[in-house]
Amino acid sequence: MMDIVLTGTGSPLPDPDRAGPSTLVKAGDTHILVDAGRGVVMRMAGAGSDPALLAGVLITHLHSDHICALNDVITTHWIRTRENTTLQIYGPVGTARFVERQLHALEDDIGYRVEHHDPLVKGPQVEVTELEPGDVFSIGDVNITTAATMHAPVRPTIGFRLEHEGAAAALVGDTTPCDGVDQLAAGADVYVQTVLRRDIVELLPGEMAQDILEYHSGVVEAAQTAARVGAKRLALTHMVPAPTPDQYPEWIARATAHFDGEVVIGDDLTTITVEPNT
1 MMDIVLTGTG
11 SPLPDPDRAG
21 PSTLVKAGDT
31 HILVDAGRGV
41 VMRMAGAGSD
51 PALLAGVLIT
61 HLHSDHICAL
71 NDVITTHWIR
81 TRENTTLQIY
91 GPVGTARFVE
101 RQLHALEDDI
111 GYRVEHHDPL
121 VKGPQVEVTE
131 LEPGDVFSIG
141 DVNITTAATM
151 HAPVRPTIGF
161 RLEHEGAAAA
171 LVGDTTPCDG
181 VDQLAAGADV
191 YVQTVLRRDI
201 VELLPGEMAQ
211 DILEYHSGVV
221 EAAQTAARVG
231 AKRLALTHMV
241 PAPTPDQYPE
251 WIARATAHFD
261 GEVVIGDDLT
271 TITVEPNT
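Next comes the structure, spelled out in structure tokens:
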């Protein structure tokens, strides 16, 4: 069984009800976190998980809203595992440099904790693997495929397809429709896509608001992708502007006009369960 938990459905805009972008995949006993937006550790707790339980962290790209809480994941994993387990982090080129700088920023905190707590004798144990599109690897019994996504000028960006016991989930991060997304989402039981409402964003004032239209998928584009590649479910996350629950039917209607599969939208901790071979 695979559970896909939308641990953070928010965007860079602060929202009291939505944590920053992140998704937790529970594949049997294997917990894998995809991206680490603000508040992710608290949302993991709400999902019955913890950084100490993570078999790996997957990073789609280095935009701050997707990685700003990675230092919290690293620190909490370190303290909870008593430094006896190495946290595995996977991401595009540049991830190792970012993690190294996070550890430098935490140097004082690490020193304080090592001095005060006898069980801690060294800093966080972290291993970073930088990925190229097309890389294939495994975390536990979860097979992971990568592909390039399109979020220029952010480069490189990658998406992931996770497969476990016949279930497949595609988590592609911020991107416009592209061949890489099609490859990852083809026939997937769940295709998780960050989305915006173009019709609303186009009405917002300011150049920066209009800029985001260039490198994100809209709800319609996500639905068209899901239909084109035969995905079974489309899960909407990182929604801009964030809808209220009474607006969910309108968002779903825009998607179902182009995709006849299940469309999932909801609050943080919305969970999609995929049974083996379904």
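The numbers in the numbering used here rise by one with no breaks, and the one at position 216 of the sequence shown is 216.
Yeah, the Cβ is synthetic: ideal placement off N, Cα and C, and Gly gets one too.
Computed from a predicted structure; not experimentally measured.
- Secondary structure of Gln193 (DSSP, three-state): strand.
- Taking the C-beta atoms as reference points, Gly10 is found nearer than 8 Å to Arg18.
- Nearest to Gln210 by alpha-carbon distance, out of Leu6, Arg254, Leu184 and Leu196, is Leu196.
- Per the DSSP secondary-structure output, Tyr90 pairs in a beta bridge with Leu58 and Thr129.
- The shortest CA-to-CA distance from Ile144 to any of Ile212, Gln183 and Arg155 is the one to Gln183.
- For Ala147, the uninterrupted beta strand (DSSP E) run begins and ends at Val142 to Ala148, by DSSP.
- Bridge partners of Gly218 according to DSSP: Leu196.
- Val40 is classed as buried because its beta carbon has at least 16 other beta carbons within 10 Å across all chains shown.
- Counting along the chain, the unbroken alpha helix (DSSP H) around Val41 starts and ends at Val40 to Gly46.
- In the three-state DSSP reduction, Arg161 falls in the strand class (E or B).
- Note on geometry: alpha-carbon atoms of Glu221 and Lys232 lie some 16 Å from one another.
- For Met1, the secondary structure class from DSSP, reduced to helix, strand or coil, is coil.
- In the three-state reduction of the DSSP assignment, Ile265 falls in the coil class, being assigned neither a helical nor a strand state.
- His63 sits in coil when the DSSP states are folded into three classes, being neither helix nor strand.
- Per DSSP, reduced to three states, the secondary structure at Thr225 is helical.
- Distance from the CA of Pro21 to the CA of Gly8, rounded to the nearest whole angstrom, comes to 5 Å.
- Between Thr146 and Pro156, the C-beta gap is not smaller than 8 Å, which leaves the two residues out of contact.
- Around the CB of Phe137, fewer than 16 other CB atoms lie within 10 Å, so the residue is classed as exposed.
- In chain order, Gln102, Ala105 and Leu106 place their CB closer than 8 Å to the CB of Asn71, counting only its own chain and leaving out the 5 sequence neighbours on each side.
- Boundaries of the alpha helix (DSSP H) harbouring Val99: Thr95 to Ala105, taken from the DSSP string.
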